[in-house]
Structure formats: C-alpha cells, structure tokens
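The opening residue of the sequence shown carries number 0 in numbering that gives the first Met the number 0; numbering runs sequentially from there. Okay, structure first, notes after.
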Amino acid sequence: MRRSAGILLHRQAPDGAVEVLLVHPGGPFWARKDAGAWSIPKGEHGEDEDPRACALREFAEETGTAPPAGALADLGEVKLRGGKVVRAYAAAGDLDPAAIVSNDFELEWPPRSGRRQRFPEVDRAGWFGLAEAREKLNPAQAAFVDRLREALEAA
Numbered sequence: 000m001r002r003s004a005g006i007l008l009h010r011q012a013p014d015g016a017v018e019v020l021l022v023h024p025g026g027p028f029w030a031r032k033d034a035g036a037w038s039i040p041k042g043e044h045g046e047d048e049d050p051r052a053c054a055l056r057e058f059a060e061e062t063g064t065a066p067p068a069g070a071l072a073d074l075g076e077v078k079l080r081g082g083k084v085v086r087a088y089a090a091a092g093d094l095d096p097a098a099i100v101s102n103d104f105e106l107e108w109p110p111r112s113g114r115r116q117r118f119p120e121v122d123r124a125g126w127f128g129l130a131e132a133r134e135k136l137n138p139a140q141a142a143f144v145d146r147l148r149e150a151l152e153a154a
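Structure below.
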C-alpha cells in the first residue's frame, strides 16, 4: 500500500478567520484542473519511514520553505480513491505563497513523443478559508480541514 504524509499549515487571517495553505500539482495533467485538484504539501514514504519526518521533508521540498518550528498535531489518515493512504499533521505558521520554489520531476511530454520535460511538483500555492479549501482539495483530503476545525474549536 502506498503511503504519503504532509502538513496542513494554518494561520489566522486579519479578519479572524482560519486559513489553510494548499498547493496545486504541477505538470500538464493538472494544468487546467482546479476544484478537487489541490492538496496539502505531502509526499510518499516507505513503510520504514516515520510519517512525521516525511511530512517535514516534503513540506520543505514542495514549498522551498523550512517546515514550521512549532508542534505538529496529528490529523489522522484518509484513503484516496486510488488506494493511497495519506496522514496529515496540522501546524500554525505563515509563508508567502508567491515565493514557493518546488522541486521538480521529469515526464515524457507530449505522450509517446520521446521528449522528456521537467515540471515543478507544485506550480502554485495559496491561502484559503476553510469552506473554499474543502472545494479546492482532493475530496478525501477535505476531511483534514474538518478535523483541523474541530481541533481548533476544542482548543
């Protein structure tokens, strides 16, 4: 079973509302997709790797920013439609989404052309209110927004 881990970064907006940082996957397949295509910064890890360590590493790789220094709150796991299991951790923090610099990957594009091109893993990031974030996120990952809201209300 494939596993991923990531961080749902959150902050308080000037109006007092909670916002979360989401990333949009790079590459030609995702270029014209928006609703349901965004994600938390995350990446795959092996069975032997600590999910928390993976989440911290992938946050840095996908945003080009050091992960938040504070505590990480475990938001549990969700299972994506394709079968991958994603674990998320919540952290308070802030960053400028316009300043992200993602690592990249190589892909044959156009398909069967023999040409290889490089694309960023993440082509953009943004801060979203909780309701909008639920619409933007991969449907299974929307549960992380609900869990974050519950954790913040309980605190």
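Built from N, CA and C at the ideal position, the CB exists for glycine as well.
Setting aside the 5 residues that flank it on each side, Gly92 is surrounded in the same chain by Leu8, Pro67, each with a C-beta closer than 6 angstroms to its C-beta; the list follows chain order. When C-alpha distances from Ala130 are compared across Ala16, Glu152, Asp73, the shortest belongs to Ala16. Nearest in C-alpha terms to Ala139, of all of Gly35, Tyr88, Leu147, Ala90, is Gly35. Membership of Leu20 in the beta strand (DSSP E) is indicated by the continuous run 17-24. For Asp145, the uninterrupted alpha helix (DSSP H) run begins and ends at 141-153, by DSSP.
Between Ser101 and Glu152, the alpha-carbon positions lie close to 32 angstroms from each other. Lys32 sits in coil when the DSSP states are folded into three classes, being neither helix nor strand. Bridge partners of Asp103 according to DSSP: Pro119. The criterion of a C-beta distance shorter than 7 angstroms is satisfied by Pro50 and Ala4. Non-local C-beta neighbours of Ala141 in its own chain, meaning closer than 6 angstroms and more than five positions away in sequence, comprise Arg133, ordered along the chain. Ranking Gln11, Leu55, Glu60, Asp73 by CA distance to the CA of Phe104 puts Glu60 first. In the structure shown, the three-state DSSP call for Ala130 is helix. In the DSSP assignment, Glu61 falls within the unbroken alpha helix (DSSP H) covering 50-62.
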